[in-house]
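Chemist: Protein chains in written order, with the working numbering: chain S, 219 to 468; chain H, 1392 to 1774.
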Ligand SMILES: Nc1ncnc2c1ncn2[C@@H]1O[C@H](COP(=O)(O)OP(=O)(O)O)[C@@H](O)[C@H]1O
Ligand SMILES: [Mg+2]
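Put into C-alpha cells, the structure is as follows:
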C-alpha cells in the first residue's frame, strides 16, 4: 500500500506567470519557487489571484505568459490531465467530488492506468485495497458505499483529499482546505497534511485561517494583486510591513 | 441530508466492507434482486430469439427488424451519451454514413456485401474521428449544435453529390442474399441484427466495468475534476465517440442491406437522431439494457402511430410529448425507476439487523464529522 510509502521529488518553479480576464490582471508576472518536501502556504487578500494562480499552474486555464516547471520538466503548455499524471494533484476551493458516484467510485477514478490496463476492471482487488487504505486514513472508510452527494460537506472535503491522494501526487495543492468546515475537522486535516508531508509530499496550501497557516507551514508566500509581494518563514512574514499593508490597507 | 438507505449502506456488514463489492455477493439463488434480473434477461432472450419462428407475417417480422435497428442505434448512441453525458442529436449522421458506405462499397468496388458490411462501420469511424476531434472541444449546447450541423451537412452532400449517392432519387443497394423469400429475408436480418446488438451490449458492458469506463463516467459527472485527477478526458471521449459511431454505423450498414433502398432525407434525419436520444433516456442511459428497452417501447409506439394514422406528423407530436414526460417524471429512465420501486418495497440488501455489536461499539455507523453542508466562503476568514 502506498499510503505509507515515501515520495520523492516535488519541485515546482513558476516564472513570470500572467493571466488577465478582460482588464483584470488576476495573476500578474508571478514568480515563485516551491522547494520539494515543504509545506508551502499562499496567503493574500480575497481576489489577489491565488485561485487563478492554482488554475494556471495545474493547466485548468491557460496562462497568457510564463513558464511552469515541475521537477525539471516544462509543463507550461501541458493539459491538466497530463500535469496530474506527472504528479501534481489539487483540490478545489469549492470542494468537488463526483456527486452521483459512490465514495469508492470517486476513489477509483484516480487510479493510474497504462493503455494496456484500461480494460481492466475498475474495481480490481488491488485498487479497492489502496482506496480503502486512503479512506481509512482520512476516516471515511465506513462511507464506502454511500453516494458522494449524500455525505456531509466535511466528509466531501475528506473524500476530495483522499481522491487526490489516490492519484499518487508528489505535490498536493489545496485551495482553502479549512474553508467551510468545523474546527474539529480543521484539526484533522492539518494533522493529515503534516503526516503526508512527512512521507515526502510537497504541499502548496492556499488558506485564510491564519492560525492554521502559522502552525502548519514551513514557508509562506504572500500574494497581493496577482503576484507574490513577500515570502519567508511564517514568523518573518507575519511582521513584514508590506504584508501588513496588503492585509490592513495601511 | 442523510436518509434511511444511506444509513443502511453506511452500516454495511463488516464482511462486505473488507471483502469488497464482488466477493461479498451472495450466491445467485439467495439474492432475490439478481435472480429477478437474470430471470428477466433469460426471458427477454427467449422472446427475442423465438419471436421470428412464431410468425410468418411479413409485417410483424419487419417491425421486429425495425425495432432491433432502433435498439442497435440507441445502444450505439449510449456509448457517447450514456458514458460521457455528451448528448448528440446528430447521430443519424453515422447511421446514414454506414448505410451509404455499404451501398457505395458494393456498387463501386463490386466487393461482396459481407465484406462491405464489415468495412462500412470502420469507414464510419474513420470519418467520425475528425468530427469528434472538432466537436469534443466544446460542451453542452455547443456540442449538440455541432452534431446537428454535421448531419445537415451530410444531408446536403448526399442530396447534391448525385454521381456517388444517387442524390434525391435515392440509391438501390444490391442484395446480400439471393433467392430468399420475403419472410426468410426478414428472418435472416432479424438474427443478424440480434448478433450485432449482442456484440454492442457486450462491448458496452465491458467498458462499463473497466477503468476506461470509470474515466468516462467521471467526465459525465464533472469533466474538469476528472482532468484534475489525471483522466485523459479528450482521448477517452474520442474513443467512446468512435465506438458510438461504429455501432450506429453498423446499424446503418445492416439497414441498407435489409431495406435495399436509401433516401438521403430518411438516412440523415434529425428526427432519427432524436429517436435515439429519446429511447436511451426513456430506458435509462446508465443502464446496459436501457436503450434496448427504450427502443422496444418507443419503436412499438412509432410503428403503431404510423399504422393507425398513416405517415402524418402525428407521431412527431407523440414523440415530443413522450420525451417531455420522460424528462419530467423519469429523468433517470424506466429501469432505474423500477429498480427504485424494488428497493423500496423489496427486501433490503443489508438490513439494519446485520450491524455487528463491534460496529455499534465503534460507532462506525455514525458519521464522525456530521457538520451540515456549509457553503464555503465568508466563514471565519481572516482578511
Ligand atoms: N473566470 C474568471 N473570469 C473573470 N474574472 C475572474 C475569473 N476568475 C477570477 N477572476 C478575477 O480574478 C481576480 C483574482 O481572483 P481569484 O484568483 O479567485 O482570487 P483569490 O483566489 O485570491 O481570492 C479577481 O478579481 C476575480 O474577480
Ligand atoms: Mg480563491
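Glycine included, each C-beta is placed from N, C-alpha and C at the ideal position.
In this text the structure is predicted, and so the values were computed from the model without any measurement.
So that I know if they touch, is there some Cβ in chain H lying closer than 7 angstroms to that of residue 328(S)?
Modeler: By this cut-off, residue 328(S) is an interface position.
Chemist: Please work out which residues of its chain come closer than 8 angstroms, Cβ to Cβ, to residue 292(S), disregarding the five sequence neighbours upstream and downstream, and give them in chain order.
Modeler: Taken in chain order, the residues that qualify are 285 and 286.
Chemist: Given the structure, does residue 237(S) come close to ligand 2, in the sense that its CB is under 6 angstroms from one of the ligand's heavy atoms?
Modeler: Result no, Cβ not under 6 angstroms from ligand 2.
Chemist: So, for residue 404(S): in the same chain, excluding its five sequence neighbours on each side, which residues have a beta-carbon less than 6 angstroms away from its beta-carbon?
Modeler: 396.
Chemist: Mark residue 1670(H) as exposed unless 16 or more other C-beta atoms lie within 10 angstroms of its C-beta, in which case mark it buried.
Modeler: The residue in question, residue 1670(H), is buried, as its Cβ has 16 or more Cβ neighbours within 10 Å.
Chemist: Is residue 242(S) near ligand 1 - that is, is its Cβ less than 6 angstroms away from at least one heavy atom of it?
Modeler: Checking every heavy atom of ligand 1 against the Cβ of residue 242(S), one is found closer than 6 angstroms.
Chemist: Can you tell me which of the three DSSP states residue 1616(H) falls into?
Modeler: Looking at residue 1616(H) - three-state DSSP - the assignment turns out to be helix.
Chemist: Report the three-state DSSP secondary structure of residue 236(S) (helix, strand or coil).
Modeler: In this structure, residue 236(S) counts as strand in the three-state DSSP scheme.
Chemist: Residue 458(S) lies in the beta strand (DSSP E); which residues open and close that run?
Modeler: Neither: residue 458(S) is in no beta strand (DSSP E) and is coded neither H nor E.
Chemist: Is the Cβ-Cβ distance between residue 1488(H) and residue 1628(H) less than 7 angstroms?
Modeler: Contact: no.
Chemist: What I want to know is whether the C-beta of residue 1460(H) ends up closer than 6 angstroms to one or more non-hydrogen atoms of ligand 1.
Modeler: No, Cβ of residue 1460(H) sits at least 6 angstroms from all heavy atoms of ligand 1.
Chemist: With residue 1643(H) and residue 1490(H) assumed to form a contact (beta carbons below 8 angstroms), what rounded beta-carbon distance in angstroms separates them?
Modeler: Sure, about 4 angstroms apart at Cβ, within 8 angstroms.
Chemist: Looking at C-alpha atoms only, which residue of 294(S), 377(S), 441(S) and 319(S) is the closest neighbour of residue 365(S)?
Modeler: Of the listed residues, the one whose Cα sits closest to residue 365(S) is 319(S).
Chemist: Give, in chain order, every residue of the stretch 1612-1633 of chain H whose Cβ lies closer than 7 angstroms to some Cβ of chain S.
Modeler: For the stretch 1612-1633 of chain H, which is checked against every Cβ of chain S, the residues closer than 7 angstroms are 1612, 1613, 1615, 1616, 1617, 1618, 1619, 1620, 1621, 1622, 1623 and 1624.
Chemist: Is there at least one non-hydrogen atom of ligand 2 closer than 6 angstroms to the beta-carbon of residue 268(S)?
Modeler: The answer is yes for residue 268(S).
Chemist: Quick one: give me the first and last residue of the alpha helix (DSSP H) that residue 1447(H) is part of.
Modeler: From DSSP, residue 1447(H) is part of no alpha helix (DSSP H); its letter is neither H nor E.
Chemist: Have a look at residue 456(S) and residue 257(S) and give me their C-alpha separation to the nearest angstrom.
Modeler: Rounded to the nearest angstrom, the two C-alpha atoms are 17 angstroms apart.
Chemist: Would you kindly work out how many angstroms separate the C-alpha atoms of residue 1615(H) and residue 379(S), rounded to a whole number?
Modeler: Going from the Cα of residue 1615(H) to the Cα of residue 379(S) covers about 16 angstroms.
Chemist: Could you list which residues in chain A have their beta carbon closer than 8 angstroms to that of residue 432(S), in chain order?
Modeler: The structure shown contains no chain A; its protein chains are S and H.
Chemist: Thinking C-alpha only, which one of 443(S), 444(S) and 425(S) is nearest residue 437(S)?
Modeler: Of the listed residues, the one whose Cα sits closest to residue 437(S) is 425(S).
Chemist: Under 6 angstroms: does the beta carbon of residue 311(S) sit that close to some heavy atom of ligand 2?
Modeler: Indeed, a heavy atom of ligand 2 lies less than 6 angstroms from the Cβ.
Chemist: Under a three-way DSSP split, which group does residue 258(S) fall into?
Modeler: DSSP places residue 258(S) in strand when its eight states are reduced to three.
Chemist: Using a cut-off of 8 angstroms between C-beta atoms, extract the partners of residue 1609(H) located in chain S.
Modeler: Within 8 angstroms Cβ-Cβ: 316, 319 and 327.
Chemist: Can you find a heavy atom of ligand 1 that lies under 6 angstroms from the Cβ of residue 265(S)?
Modeler: Correct: residue 265(S) has its Cβ closer than 6 angstroms to ligand 1.
Chemist: Does chain H have any CB closer than 7 angstroms to the CB of residue 303(S)?
Modeler: Yes, residue 303(S) counts as interfacial toward chain H.
Chemist: Compare the C-beta of residue 1470(H) against all C-beta atoms of chain S and say whether one is closer than 7 angstroms.
Modeler: For residue 1470(H), the answer is no, since every Cβ of chain S falls outside 7 angstroms of its Cβ.
Chemist: Start and end of the alpha helix (DSSP H) containing residue 244(S)?
Modeler: No alpha helix (DSSP H) holds residue 244(S); the beta strand (DSSP E) holding it covers 242-252.
Chemist: In whole angstroms, what separates the C-alpha of residue 447(S) from that of residue 327(S)?
Modeler: Rounded to the nearest angstrom, the two C-alpha atoms are 38 angstroms apart.
Chemist: Cβ atoms of residue 306(S) and residue 387(S): under 7 angstroms apart, would you say?
Modeler: The answer is yes: Cβ separation under 7 angstroms.
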